[in-house]
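Enquirer:
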Amino acid sequence: MKRAGWDSSSVTPRGSFVRTGIAAHSVLLMRCLALMALLGLALPTKATAPDPILQLNSAEFILSDADQPPPDSAPWKPQLLPDAWRRSRPGTYGYAWYRLRFDVPHQPTEPFAIYTSVLRTVGVVYVNGILAGRSAPFDKPELSRRPHFFIISPSLVHPGTNTLHLQLYVKQGWPGLVPTVEAGDETLLRPEYEWRMLLQPTGPQIICVFSITFGLFMLLLWLRRRRESAYGYFGLSMLFFAVYASLYFVRYPLMPAHLWFSLIDSASMGVVVTICLFALRYVGWHWPRTEACLWACLVASPFLFFCRDIDVGGWLPANWYSMFHLVYLLYTGILIAAAWRRRTLDTVLLSIATIISYVGVVWGNYMQGAEDRWPSLLLYFYLPQYLVMPSVLPYSFLPLYLVIAWILVGRFVRSLTEYEALNAELEQRVTQKHTELEQNYQRIQQMERQQAVVEERQRIMSDMHDGIGGQLISTLSLVEHGEASSTEVAAALRECVDDLRLTIDSLEPTENDLLPILGNLRYRLDGRLKKQGINLDWRVKEVPKLSCLNPRNVLHILRILQEAFTNVLKHAHASMIRVETGVDALGKHVFIRVSDNGNGFAGEHTGRGLENMRRRAHIIGGELDIRPSPTGTTLNLSLPVA
Amino acid sequence: MTTVMVVEDDPAFLTRFCKIISSDPDLELFAAVADLASARQAMSKTAPDVLLTDLGLPDGSGIDLIRETARRYPATDVMVITVFGDEDHVLASIEAGATGYILKDSMPEEFVGLIKQLRAGGSPISPIIARQLLKRFKPEVTAQEAKPVEEAGLSARESEVLSLIAKGFSFAEIARLLIVSPHTVTAHVKKIYQKLAVHSRGEAVYEASRMGLI
Numbered sequence: 000m001k002r003a004g005w006d007s008s009s010v011t012p013r014g015s016f017v018r019t020g021i022a023a024h025s026v027l028l029m030r031c032l033a034l035m036a037l038l039g040l041a042l043p044t045k046a047t048a049p050d051p052i053l054q055l056n057s058a059e060f061i062l063s064d065a066d067q068p069p070p071d072s073a074p075w076k077p078q079l080l081p082d083a084w085r086r087s088r089p090g091t092y093g094y095a096w097y098r099l100r101f102d103v104p105h106q107p108t109e110p111f112a113i114y115t116s117v118l119r120t121v122g123v124v125y126v127n128g129i130l131a132g133r134s135a136p137f138d139k140p141e142l143s144r145r146p147h148f149f150i151i152s153p154s155l156v157h158p159g160t161n162t163l164h165l166q167l168y169v170k171q172g173w174p175g176l177v178p179t180v181e182a183g184d185e186t187l188l189r190p191e192y193e194w195r196m197l198l199q200p201t202g203p204q205i206i207c208v209f210s211i212t213f214g215l216f217m218l219l220l221w222l223r224r225r226r227e228s229a230y231g232y233f234g235l236s237m238l239f240f241a242v243y244a245s246l247y248f249v250r251y252p253l254m255p256a257h258l259w260f261s262l263i264d265s266a267s268m269g270v271v272v273t274i275c276l277f278a279l280r281y282v283g284w285h286w287p288r289t290e291a292c293l294w295a296c297l298v299a300s301p302f303l304f305f306c307r308d309i310d311v312g313g314w315l316p317a318n319w320y321s322m323f324h325l326v327y328l329l330y331t332g333i334l335i336a337a338a339w340r341r342r343t344l345d346t347v348l349l350s351i352a353t354i355i356s357y358v359g360v361v362w363g364n365y366m367q368g369a370e371d372r373w374p375s376l377l378l379y380f381y382l383p384q385y386l387v388m389p390s391v392l393p394y395s396f397l398p399l400y401l402v403i404a405w406i407l408v409g410r411f412v413r414s415l416t417e418y419e420a421l422n423a424e425l426e427q428r429v430t431q432k433h434t435e436l437e438q439n440y441q442r443i444q445q446m447e448r449q450q451a452v453v454e455e456r457q458r459i460m461s462d463m464h465d466g467i468g469g470q471l472i473s474t475l476s477l478v479e480h481g482e483a484s485s486t487e488v489a490a491a492l493r494e495c496v497d498d499l500r501l502t503i504d505s506l507e508p509t510e511n512d513l514l515p516i517l518g519n520l521r522y523r524l525d526g527r528l529k530k531q532g533i534n535l536d537w538r539v540k541e542v543p544k545l546s547c548l549n550p551r552n553v554l555h556i557l558r559i560l561q562e563a564f565t566n567v568l569k570h571a572h573a574s575m576i577r578v579e580t581g582v583d584a585l586g587k588h589v590f591i592r593v594s595d596n597g598n599g600f601a602g603e604h605t606g607r608g609l610e611n612m613r614r615r616a617h618i619i620g621g622e623l624d625i626r627p628s629p630t631g632t633t634l635n636l637s638l639p640v641a
Numbered sequence: 000m001t002t003v004m005v006v007e008d009d010p011a012f013l014t015r016f017c018k019i020i021s022s023d024p025d026l027e028l029f030a031a032v033a034d035l036a037s038a039r040q041a042m043s044k045t046a047p048d049v050l051l052t053d054l055g056l057p058d059g060s061g062i063d064l065i066r067e068t069a070r071r072y073p074a075t076d077v078m079v080i081t082v083f084g085d086e087d088h089v090l091a092s093i094e095a096g097a098t099g100y101i102l103k104d105s106m107p108e109e110f111v112g113l114i115k116q117l118r119a120g121g122s123p124i125s126p127i128i129a130r131q132l133l134k135r136f137k138p139e140v141t142a143q144e145a146k147p148v149e150e151a152g153l154s155a156r157e158s159e160v161l162s163l164i165a166k167g168f169s170f171a172e173i174a175r176l177l178i179v180s181p182h183t184v185t186a187h188v189k190k191i192y193q194k195l196a197v198h199s200r201g202e203a204v205y206e207a208s209r210m211g212l213i
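What follows is the structure, given as structure tokens:
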């Protein structure tokens, strides 16, 4: 990329544009070509204007400090337009005059206009000796390549030959350029002027704003995702490009020309260096030395360009700009190699866009007419026309930007899709885990059930063994030995049945409710108590539900109480038994109290029975307290609530 | 004079029951049979005041006999003869229409007493059975369809009586606690039995219609 400001120093070939018609034609052709190159679109050729727009490409020239157009007697010399001072009179600067003549068939009634596609550095227009307009103040020379449009009052123009004087001021070290001047009806010329304005400077302005926005966006993206350094470099590259593109619309730089050009050229170096780093990161190649060299190149550029622009340092600063092409070729090479290896749409598009942008850059540099290091016959031949064309350079990076945007959007969409797929998978996994857990749970439940069945079977077995089994065997032996009377045998067997009933009662669902269990015991014993003439004082009260009331513990409680009743019946000679229930003061224990008014049954023949009762109470987690006295015995069984 | 019929397949017990009944001046043996078919035949025209039946009969279930009798002869009181008085057997019998049960090994005086008590109005229920009955009528938090209380449920007094029975109180004690006569308590108990039978029949109808039989 070469800044637009440097004019070529080669001599304009003679006879290129002898006839106005051909020249007009070529200009039109050029415009169309430029359009196609710029926008990549085949725009329809503009209809040739029926009314004459005068293309003035031959002039007379004189170097003069005169304030007014020099007289015809002055030593005017013929000069073809466009006229680039860097080529026609290198090293010259200061004030000069151009004299152009044009014929008008009859007195115009509409406003007349003079149009120059570019005018550098400052131009002042006189029509028939009268001041008609100026492009800029003399003390503020213009750098951007913007078109100028001077509206002339129809009264200034008269039928026949008119004279147009153009005073040009070329500041030292600044490019001087006068293009083909066009004259004609204002309404006819204006579209051309406006089209030119759109291409430059409006287009580059838009691109500059776009670059800053997109570049900052990329940098932010990189800030949030440090690993994606490729985007950081690309964002930097865009910001550099925004600085560079300002060349195409900043009219009056705020700094001296050499500083300004150093800045612009350093920015263009920044563009390629960072984009090369982007390419390396993007394709994922780790070349630390190359990266270091690139960084060094970037840091050295402002200094070297500054040296060049103040003509210090000799060969290296003078040719430093070649580094630009070297880096650009490296970058293009990297992308093409990656595209060749991977053959993905992204890399292929990226390398195509890169090639397009490079062609645009070289083409743009040619158009500046300043690139004498890259000689070309075409350039040499058409140079004067290229000089005045708007630059394709600001537009040459558009395809690249579009491709990168495409890649970014692609990545975004892909990660969204992946995210969604991941979510779906996670959901599926959760469902699967859920099912597995449920199955596990069911398996465990089944095992627990089996375990419960086993435990219950063991419990029943041991109950049979302890209780009815033992009793039946002892009864059997009594009968076999013929030692017992039938009444005794019947009593023994009745005990067996009672015990069996107790066992069955213990299996009834209790829902942790103590009172029905006690009630059932009463129900079972009522007949016997009545027969012995014992009154039952039933004073049970509602108690909290007891968590310990499983069949095993219920049987223990029933056996303890049954034993207590049996003891009273057999030994106490009581006339009254009182059964009470209640809760202790703390509410943590429920008590069952059985008291009688007999003469006590504690004695050696009940010792084993009591021991058994205590053992059972202990198994349940309860406590048994028996207090015999001559006036009655009180049995207190206390059971934990929780 | 109360006529009693016994259906029992164990000849020893059948003989024993017959003896007990014959020896009481207030009771008269209506019939003593050992299987379902004979029982049906015996009751084809008339029915006894009290029917005592075992559940496991050689040619069918005593439950069917109870159900038929309850339908055909509502005046007949049915009692189940059971070894243990366990919940499953007794509840099923009560649902079929029985109003009490007798333990197989009851002493003769208990046996006669129960029959007389039954004729007098109500037979005692064991507390555990009472508790189950309470649960039947008041499904606490079951997800089953809630039936309107007044349709099949117990009155407040009836459920009070039932819950006192479940706590082991005798009829006399309940009468004292509720300050009513013992007859009222027995009347309540009988009503509860009937309601349970109706309740279970309603449930049967409901079940049948649900299964598409009706």
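If you read the protein sequences in the order shown, they are chains V and X. Just so you know, numbering that gives the first Met the number 0 puts 158 at position 159 of the first sequence, and the rest follows in order with no gaps. Just so you know, numbering that gives the first Met the number 0 puts 90 at position 91 of the second sequence, and the rest follows in order with no gaps. Glycine included, every Cβ here is placed at the ideal spot set by N, Cα and C.
Ignore the nearest five residues each way along the sequence and tell me which others in W362(V)'s own chain have a CB closer than 6 Å to its CB.
Expert: Counting only residues of its own chain and dropping the five nearest sequence neighbours on each side, W362(V) has a CB closer than 6 Å to the CB of V391.
Enquirer: At a CB distance below 7 Å, what residues from the stretch 524-541 of chain V approach chain X? Give them in sequence order.
Expert: Cβ contacts with chain X come from G526, W537 and V539.
Enquirer: Please list the terminal residues of the continuous alpha helix (DSSP H) segment that includes D497(V).
Expert: D497(V): member of the alpha helix (DSSP H) spanning S485 to L506, first to last residue.
Enquirer: In chain X, which residues lie with their C-beta within 8 Å of the C-beta of L514(V)?
Expert: P126, A165, K166 and G167
Enquirer: Less than 7 Å between CB atoms is the rule here; does Y440(V) satisfy it with respect to chain X?
Expert: no
Enquirer: If you check the beta carbons only, do A30(X) and T75(X) fall under 7 Å apart?
Expert: no
Enquirer: Which whole runs of the beta strand (DSSP E) in the stretch 132-184 of chain V are 3 residues long or more, in chain order?
Expert: 147-151, 159-169 and 180-184
Enquirer: Does DSSP put E227(V) in a helix, a strand or coil?
Expert: Of the three classes helix, strand and coil, the one that applies to E227(V) here is coil, per DSSP.
Enquirer: Please check if any C-beta of chain X sits within less than 7 Å of the C-beta of E603(V).
Expert: Any reading at E603(V) must be qualified, since the residue scores a pLDDT of 47, below 50, and its modelled position is unreliable; the value itself is stated next. Output row for E603(V): interface = no.
Enquirer: Going by Cα to Cα distance, which pick from L142(V), F101(V), F137(V) and S210(V) is closest to G159(V)?
Expert: When only C-alpha atoms are compared, the closest one is F101(V).
Enquirer: In this structure, does DSSP put E59(V) in helix, strand or coil?
Expert: strand
Enquirer: Tell me whether P73(X) is buried or exposed, calling it buried when 16 or more other Cβ atoms sit within 10 Å of its Cβ.
Expert: Under this definition P73(X) is an exposed residue.
Enquirer: Can you grab the Cα-Cα spacing for the pair L153(X) / P515(V), in whole Å?
Expert: 19 Å
Enquirer: For W537(V), which of helix, strand or coil comes out of DSSP?
Expert: Correct three-state label for W537(V): strand.
Enquirer: Between D104(X) and chain V, is there a C-beta pair that is closer than 7 Å?
Expert: yes
Enquirer: Measuring only the C-alpha atoms, how far is W284(V) from W339(V)?
Expert: 15 Å
Enquirer: Just reading off the beta strand (DSSP E) that I591(V) is part of, what are its end residues?
Expert: H588 to D595
Enquirer: Any idea what DSSP makes of Y94(V), helix, strand or coil?
Expert: strand
Enquirer: With a cut-off of 8 Å, do at least 3 Cβ pairs link the stretch 114-121 of chain V to the stretch 181-191 of chain V?
Expert: Put simply, the stretch 114-121 of chain V touches the stretch 181-191 of chain V. At least three CB pairs are less than 8 Å apart.
Enquirer: From W286(V), V567(V), Q171(V) and L176(V), pick the residue whose C-alpha is nearest to that of D308(V); which is it?
Expert: It is Q171(V).
Enquirer: State the Cα-Cα distance for the pair I591(V) and L513(V), rounded to the nearest angstrom.
Expert: 10 Å
Enquirer: Taking Cβ to Cβ, would you say T14(X) is nearer than 7 Å to D48(X)?
Expert: no
Enquirer: Is the stretch 617-632 of chain V touching the stretch 16-25 of chain X, taking contact as three or more C-beta pairs under 8 Å?
Expert: Too few Cβ pairs lie closer than 8 Å, so no.
Enquirer: When you compare the CB positions of M575(V) and N596(V), do they come within less than 7 Å of one another, or not?
Expert: yes
Enquirer: By a C-beta neighbour count over all protein chains shown, 10 Å radius and 16 as the cutoff for buried, is W319(V) buried or exposed?
Expert: buried
Enquirer: Please report whether the beta-carbon of E94(X) lies at a distance below 7 Å from any beta-carbon of chain V.
Expert: Residue contact check for E94(X) against chain V: no CB pair falls below 7 Å.
Enquirer: Pick out the complete alpha helix (DSSP H) segments inside the stretch 12-52 of chain X, 4 residues or longer, and give them in chain order.
Expert: 35-41
Enquirer: Confirm, please, whether the CB-CB distance from V478(V) to V542(V) is below 7 Å.
Expert: No, they are not a contact pair.
Enquirer: Just reading off the alpha helix (DSSP H) that Q427(V) is part of, what are its end residues?
Expert: L397 to M463
Enquirer: Using a Cβ-Cβ cut-off of 7 Å (strictly less than) and excluding sequence neighbours within five positions of R413(V), which residues of its own chain qualify?
Expert: none
Enquirer: Name the DSSP bridge partner or partners of R82(V)?
Expert: According to the sequence provided, residue 82(V) is Asp. The question's Arg does not apply to it. Paired residue(s): V177(V).
Enquirer: Which stretch, first to last residue, makes up the alpha helix (DSSP H) that contains R558(V)?
Expert: P550 to N566
Enquirer: So, for L329(V): in the same chain, excluding its five sequence neighbours on each side, which residues have a beta-carbon less than 8 Å away from its beta-carbon?
Expert: C275 and T289
Enquirer: Anyone know if the C-beta pair for S143(V) and V249(V) falls short of 7 Å?
Expert: yes
Enquirer: What residues in its chain sit with their C-beta under 8 Å from that of G61(X), if we drop five residues either side in the sequence?
Expert: So the list reads V6, L35, T52, D53, L54, G55, V79 and S92, once near-sequence residues are dropped.
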